[in-house]
DNA sequence: CTATGGCACGGATT
DNA sequence: AATCCGTGCCATAG
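Residue numbers (the working numbering): 8 to 480.
Shown next, in the form of structure tokens:
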């Protein structure tokens, strides 16, 4: 899903000849990869010393003065302040360059730094135990995880690609599975559960039947068919339900999901998110009623430009090299142009988006206003696919510190789901889906009963019956 | 008989 | 053109 190049394992597409290099759909980390590659093998491109804001130390990318420290805005104006910056503490720690080594201690470990993305987080843990020749394999596996932390490709596929035995792949995969978040890299939720159980059993005693319940009754388990499950295992339905509860509180079928800040009841220990944001959203001077400050993060520190020396040299170069150099020059200028374009589009998009969704940003999921990418495109006057590209794969850090995918700004079911959650949290007796549907209707949301059920399960809320039988805390 | 989950269809969105 | 999402119908569990 996120084609992060940890190593040069996957074929590099350096040979994009198109005039419309699409940088828009790249995340900050991917962009870094592209720019660094270009800097390394294109002498026409030059990285200048960063321009730093004296006040706050930000590295400014395309503006002369920092719009924040340049305090000349009128306090009654709530227009969001949007600009592109480059902050060292948010730069991606993944470097795609071939010189980069993967030693675990080389990565900065200060606690102000945000978390890494999932792939490098895992890599960092296993790097020490990983043989040199296995690195490409690990990288391949880690780049093939879906957002739940499950493996999307088959072992056979990986094995063929690297011309290695299945066993050697499994060895690496096993290493991955046993690192945090435990079970990551499994190819099914079932497998993930088993791995977690295995790890858990080394420190704590695990109740009987749990393993066999997962192994043989996974489908019954997920459907909450406790009676049948009981029969299968030769225990009572109630015991079966207890096992189910044990599993849902101690294990997680989607290893990385808990880290995405979804529903989490305090039993877990790691409320962490493994992604660098591409965008930072904050309050000006920490005033929650002031304008919002939006920083679009740029992955390299300084401004880029065409090397003037290079341009000069080209005139008295040997004729055979002229052609190549000319190409370099064009490529570099194209890259710069596209980067400008990208920054521009992102800025415009974010300006409108944050203005429109201000309540969502400051007051939470319930206050998201529905909007589609298509209508955003119309407002911006760009093609809808442009908006799609700008949004896809990117993440933003909200003022409350939470990192969310940009796509969430367009999730029209989110406010309803949040409301359902509130309703259920406040309920006295367990409400059925149709009762919830009625309440929602009074709140102005017209959704079918069936849909309530869907949202409920998305939020990980059990059915009315099962909630009823649970002990209230 | 009621509440819920599965499957699948159609329309909207990307 | 492909994918996502809401919904209706039906089977099944309680």
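Just so you know, even glycine gets a beta-carbon here, dropped at the ideal spot from N, CA and C.
Keep in mind that this is a model prediction, so the values were computed, not measured.
> Going by alpha carbons, who is nearest to residue 408 out of 63, 289, 145?
Replying inline: Taking the first residue of the first chain as position 1, residue 408 is located at position 401. Minimum Cα-Cα distance from residue 408 among the listed residues 63, 289, 145 corresponds to 289.
>> Between 348, 144, 133, 226, which has its C-alpha nearest residue 182's C-alpha?
In response: Looking up residue 182 in the first chain gives position 175. Measuring from the Cα of residue 182, the nearest candidate turns out to be 133.
> Which of the three DSSP states, helix, strand or coil, is assigned to residue 201?
Replying inline: Residue 201 sits at position 194 when you count from the first residue of the first chain. In the structure shown, residue 201 sits in a helix (DSSP, three-state: H, G or I).
> residue 353: which of 195, 141, 303 sits nearest, CA to CA?
Replying inline: The count along the first chain starts at 1 and reaches residue 353 at position 346. Residue 303 is the option with its Cα nearest to residue 353.
> Just the Cα atoms here: how many angstroms apart are residue 341 and residue 383?
Replying inline: Residue mapping note: residue 341 aligns to position 334 of the first chain, counting from 1. Residue mapping note: residue 383 aligns to position 376 of the first chain, counting from 1. Answer to the nearest angstrom: the Cα atoms are 27 Å apart.
> Could you check where the beta strand (DSSP E) with residue 425 kicks off and where it finishes?
Replying inline: Against the first chain, residue 425 aligns to sequence position 418. It is not in any beta strand (DSSP E) - residue 425 instead sits in the alpha helix (DSSP H) that spans 421 to 433.
>> Measuring alpha carbon to alpha carbon, tell me which residue in 313, 217, 162 is nearest residue 252.
In response: Position 245 of the first chain, counting from 1, holds the residue named residue 252. Distances from the CA of residue 252 to each of 313, 217, 162 were compared; the closest alpha carbon is that of 217.
> Ends of the alpha helix (DSSP H) at residue 315?
Replying inline: Here the question's residue 315 lines up with position 308 in the first chain. First-last of the alpha helix (DSSP H) with residue 315: 315 to 320.
> Taking the runs of the alpha helix (DSSP H) that are 4 residues or longer, which of them lie wholly in the stretch 373 to 423?
Replying inline: You should have 380 to 387, 391 to 398.
>> Could you pull the DSSP bridge partners for residue 66 from this structure?
In response: The residue you call residue 66 lines up with position 59 of the first chain. As computed with DSSP, residue 66 is found in a beta bridge with 59, 93.
>> Classify residue 335: buried if its beta carbon has 16 or more other beta carbons within 10 angstroms, exposed otherwise.
In response: Along the first chain, read from residue 1 onward, the residue named residue 335 stands at position 328. Counting the other CB atoms within 10 Å of its CB gives residue 335 a total of 16 or more, which places it among the buried residues.
> How many whole angstroms separate the CB atoms of residue 300 and residue 291, which I take to be in contact at a CB cut-off of 8 Å?
Replying inline: As a first step, residue 300 must be located in the first chain, where it is residue number 293. As a first step, residue 291 must be located in the first chain, where it is residue number 284. So it is a contact: roughly 5 Å between Cβ atoms.
> CA-CA distance, residue 199 and residue 190?
Replying inline: Locating residue 199 in the first chain gives position 192, counting from the first residue. Locating residue 190 in the first chain gives position 183, counting from the first residue. One alpha carbon belongs to residue 199, the other to residue 190, and they sit about 4 Å apart.
> So what does residue 230 bridge to, in DSSP terms?
Replying inline: Taking the first residue of the first chain as position 1, residue 230 is located at position 223. Per DSSP, none; premise fails for residue 230.
> Once you ignore the five residues that flank residue 378 on each side, which residues in its own chain have a CB closer than 7 Å to its CB?
Replying inline: Counting from one through the first chain, the residue named residue 378 turns up at place 371. Hits under 7 Å: 363, 417.
> With C-beta atoms as the reference, is residue 419 less than 7 Å away from residue 462?
Replying inline: Taking the first residue of the first chain as position 1, residue 419 is located at position 412. Taking the first residue of the first chain as position 1, residue 462 is located at position 455. For residue 419 and residue 462, no; Cβs fall outside 7 Å.
> Would residue 33 be called buried (16 or more neighbouring beta carbons within 10 Å of its own) or exposed?
Replying inline: Residue 33 sits at position 26 when you count from the first residue of the first chain. Counting other Cβ atoms within 10 Å of its Cβ, residue 33 reaches 16 or more and is therefore classed as buried.
> Hey, residue 444 and residue 455 are a contact pair by Cβ (cut 8 Å); roughly how many whole angstroms apart?
Replying inline: Within the first chain, numbered from 1, the residue matching residue 444 stands at position 437. Within the first chain, numbered from 1, the residue matching residue 455 stands at position 448. Contact between residue 444 and residue 455 is confirmed by a C-beta separation of about 7 Å, below the 8 Å threshold.
> Between the beta-carbon of residue 43 and the beta-carbon of residue 309, is there less than 7 Å?
Replying inline: In the first chain, the residue the question calls residue 43 occupies position 36. In the first chain, the residue the question calls residue 309 occupies position 302. Not in contact: residue 43 and residue 309 (Cβ atoms no closer than 7 Å).
> Going by other Cβ atoms of all chains shown within 10 Å of its Cβ, with 16 needed for buried, is residue 468 buried or exposed?
Replying inline: What you label residue 468 is simply residue 461 of the first chain in a count that begins at 1. With 16 or more other Cβ atoms within 10 Å, it is buried.
> If we ignore side chains and look at the alpha-carbon of each, how far apart do residue 5 and residue 176 end up?
Replying inline: The requested residue 5 is not part of the displayed model; the chain covers only 8 to 480.
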